[in-house]
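Quick note, the sequences are listed as chains A and B, same order. Each residue of the first sequence is one higher than the one before, starting from 201 at the first, in the working numbering. Each residue of the second sequence is one higher than the one before, starting from 2 at the first, in the working numbering. In what follows, a single structure is set out as structure tokens and then discussed.
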Amino acid sequence: ETGVTQSPTHLIKTRGQQVTLRCSSQSGHNTVSWYQQALGQGPQFIFQYYREEENGRGNFPPRFSGLQFPNYSSELNVNALELDDSALYLCASSFGTSGGSYEQYFGPGTRLTVT
Amino acid sequence: AQSVSQHNHHVILSEAASLELGCNYSYGGTVNLFWYVQYPGQHLQLLLKYFSGDPLVKGIKGFEAEFIKSKFSFNLRKPSVQWSDTAEYFCAVNARNTGFQKLVFGTGTRLLVSP
């Protein structure tokens, strides 16, 4: 167990709806990263939050947005859901300075199904 | 842009056989390298990491990996696999000095160890 928790475990939404996924980082960690893992693929980086600010983003459209709170927990919001958004969404927490070398610890993920 | 290639998508071995999983990355700068494992029904766990120094790194559960800079490779090895090593293995790379840590994953290798 890494101490990173995510909620909910599973979620089913309809195309066009909006969804919010939540992540509690491991105690002492100040950085949260979000990844999307489609079936049969490796995780793809969505964005990273460091000290409550987005400090890096992957190739995902603006309808993917996030927040990090003062306790370093985080939310991932996806608007106007599309069928291709169906995936496992992973949260990873870490402690490090911006751009430093450190490992990320992953949560169990939220399985999102868009119908 | 960084990319990671894992050459073997599925590997089947008998217990006590030796294991080597290939991983190559494309990026011209300095990188951090990781191997993560995902056991059935569990979250991604860090097996080992390379930041700098000795290119032969040892991880948990008897795994090791060797960073060969000239070949842009970071292959994972284990001398004698066990049934409990059945899992999916992901190689990941992070380009250093970008201001944030974005892990780029390969597509994964599914290892099945038969007793």
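For glycine and all other residues, C-beta sits at the position ideal for the given N, C-alpha and C. This structure is a prediction, so every number in the text was calculated from the model and none was measured.
Check: L283/A in three-state terms, based on DSSP; Outcome: helix
Check: Assigned secondary structure, G54/B (DSSP; H/G/I helix, E/B strand, else coil); Outcome: coil
Check: Beta-carbon spacing of Y37/B, F73/B below 7 Å; Outcome: no
Check: Under 9 Å from the C-beta of G109/B: neighbouring residues of chain A; Outcome: G240, Q241, G242
Check: Contact list for L290/A against chain B, beta-carbon separation under 9 Å; Outcome: H44, L45
Check: Three-way DSSP call (helix, strand, coil) for S81/B in this model; Outcome: coil
Check: Residue burial classification, G242/A (beta-carbon count within 10 angstroms, cutoff 16); Outcome: buried
Check: Contact under 7 Å by Cβ, A247/A with Y235/A; Outcome: Going by the sequence as given, residue 247/A is Phe instead of Ala. Going by C-beta atoms, F247/A is not nearer than 7 Å to Y235/A.
Check: Nearest-angstrom Cβ-Cβ length linking G296/A and Y302/A, presumed shorter than 8 Å; Outcome: 4 Å
Check: Straight-line gap, L77/B to P308/A (C-alpha atoms, nearest Å); Outcome: 24 Å
Check: Backbone secondary structure at S207/A - three-state DSSP; Outcome: strand
Check: Under the three-state DSSP convention, the category K70/B falls into; Outcome: helix
Check: Helix, strand or coil at G63/B [DSSP, three-state]; Outcome: helix
Check: Where the beta strand (DSSP E) through N255/A begins and ends; Outcome: 253 to 257
Check: Among L57/B, L20/B, A2/B, Q3/B, the one whose alpha carbon lies nearest that of R111/B; Outcome: L20/B
Check: Neighbour-count burial assignment, L283/A, 16 or more Cβ in a 10 Å radius; Outcome: exposed
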